Amino acid sequence: MLKFTDIDFNAVWQETFGWNAAGDTDNRKFNDQAENDFWVRLAPRYTQEYNLNHDTGLITDKLAGLLGRNKTILEIGCGSGNFTLLMAQYSQQILGLDFSPAMLAVLEERRLAEGIGNIRTQAGKWEDFTTDAVFDYIVSVNSLYRIRDIKSALLKMHAYSTQGFIIVRTIQRPFFYSLYQKNGVSCPECLDYQLLPLLLWRLGLQANVEFLTYPKKKYFLDLADVSQEMQADLTAQIFHEQQAKLLQAFTGQAAFTDGRYTISQPRTTVIISVKNKSGMKI
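Going by numbering that gives the first Met the number 0, the first residue of the sequence shown is number 0, and it counts up by one from there.
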């Protein structure tokens with residue numbers, strides 16, 4: 000029987016998230032150019048369409064409480080600055096690291112527009128990043144999805160931070176995940192939020208895990224629009240088998256006004272925080 004202590008969670012990470020899919024050269028996971036092109040297309044509208052702060056202030060408030068004031072921060076995968084600009088209001092200095100020059104350009108535009116002077120940026124990957132500096136805290140918001148050797152990445156976060164690091168992961172589930180669960184229909188979810196604490200604990204790092212749940216609102220033009228999304232989540236066969244039950248559940252929760260359906264579903268973000276002990280070495 001396999002013992003828990005014999006499990007290589009770094010290998011589990013690689014297998015679970017498709018890092019062993021050799022030859023998949025078009026996948027953004029493996030192809031830097033494909034990843035760069037993706038963000039070039041998305042950068043102009045990312046701030047408006049994919050900003051967690053539009054859904055809730057819980058994450059921003061939690062970060063502020065964990066970080067405290069006048070700290071130096073390295074943010075991994077800062078993107079267009081949705082959290083960077085807010086953290087800058089109470090931080091001493093922030094270095095924003097991101098793979099995408101297009102996203103960093105948007106951040107720079109926003110920084111100049113808001114007159115913020117304590118943010119600097121650097122293009123690159125966390126795996127390749129080096130500096131003689133250390134930071135009070137390192138923050139990562141939904142930005143570790145392209146890291147193959149997650150164990151080394153976490154140890155590096157520990158090494159470059161004097162007080163600790165914080166990983167924010169919005170659980171990747173279908174929008175209708177809760178509705179599916181309540182109606183006995185299973186659907187996939189990304190398990191990174193479960194693996195990351197296990198990896199940290201096995202490394203001897205005392206990770207604290209907190210779940211923040213808040214409503215996410217979405218609009219649908221008609222039931223055909225709803226059906227299309229559910230079918231994409233579940234496959235055509237499963238949706239066909241469960242269609243009547245699921246659409247009935249949807250109409251029971253949604254409001255129909257101004258010619259469209261509006262529905263809110265719970266969304267969950269996980270805050271994984273590590274406070275470094277003085278003198279701790281790994």
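Note that CB positions come from ideal geometry on N, CA and C, so glycine has one too. Only a predicted model underlies this, so the values are computations on that prediction, with no experimental measurement involved.
Taking only the alpha-carbon atoms, compute the straight-line gap between residue i and residue j and give it to the nearest angstrom.
i: Ala-254; j: Thr-261; result: 5 Å
i: Val-184; j: Arg-40; result: 34 Å
i: Gly-278; j: Ser-226; result: With a pLDDT of only 40 at Gly-278, under 50, the local geometry of the prediction cannot be trusted, and the value read off the model is given with reservation. Their backbone Cα atoms lie some 55 Å apart in a straight line.
i: Lys-274; j: Asp-135; result: 10 Å
i: Leu-73; j: Asn-81; result: 14 Å
i: Tyr-49; j: Leu-194; result: 24 Å
i: Pro-187; j: Gln-180; result: 11 Å
i: Ile-93; j: Ala-243; result: 51 Å
i: Phe-219; j: Ser-263; result: 11 Å
i: Asn-182; j: Phe-249; result: 11 Å
i: Arg-110; j: Phe-128; result: 23 Å
i: Lys-215; j: Asp-54; result: 6 Å
i: Leu-245; j: Ala-231; result: 14 Å
i: His-282; j: Gln-247; result: The first residue shown for the chain is 0 and the last is 281, placing residue 282 beyond what the model contains.
i: Phe-296; j: Ala-20; result: Because the chain in this structure spans residues 0 to 281, residue 296 falls outside the shown range and cannot be described.
i: Ile-149; j: Asp-257; result: 47 Å
i: Lys-61; j: Asn-52; result: 12 Å
Any idea which residues DSSP pairs residue i with across the strands?
i: Glu-209; result: Ile-270
i: Val-140; result: Val-167
i: Ser-226; result: For Ser-226, which the question treats as bridged, DSSP gives no partner whatsoever.
i: Leu-94; result: Leu-73 and Arg-119
i: Gln-264; result: Lys-215
Taking the CB atoms as reference points, tell me whether residue i and residue j lie closer together than 8 Å.
i: Gly-78; j: Asp-97; result: yes
i: Ile-166; j: Ile-58; result: no
i: Val-269; j: Ile-170; result: yes
i: Trp-18; j: Ile-75; result: no
i: Trp-38; j: Ala-101; result: yes
i: Pro-265; j: Ser-177; result: yes
i: Met-86; j: Leu-66; result: yes
i: Leu-198; j: Asn-9; result: yes
Which residue wins for smallest C-alpha separation from residue i, given the options the options?
i: Ser-99; options: Asp-148, Asn-69, Leu-199 and Ala-42; result: Ala-42
i: Asp-221; options: His-239, Gln-252, Ala-231 and Arg-259; result: Arg-259
i: Asn-35; options: Leu-197, Ala-122 and Ala-20; result: Ala-122
At a threshold of 7 Å, does residue i count as lining the ligand NAD (C-beta to nearest heavy atom)?
i: Phe-128; result: Among the components modelled here there is no ligand, and therefore nothing to report on the ligand NAD.
Inspect the CB distances between the segment 25-35 and the segment 151-164 and report whether three or more fall short of 8 Å. In this structure the segment 25-35 does not lie against the segment 151-164, because fewer than three pairs of beta carbons, one per stretch, are closer than 8 Å.
For the pair the segment 209-218 and the segment 233-241, tell me if three or more CB-CB distances fall below 8 Å. Taking a cut-off of 8 Å for Cβ pairs, the segment 209-218 and the segment 233-241 do not touch, as fewer than three such pairs fall below it.
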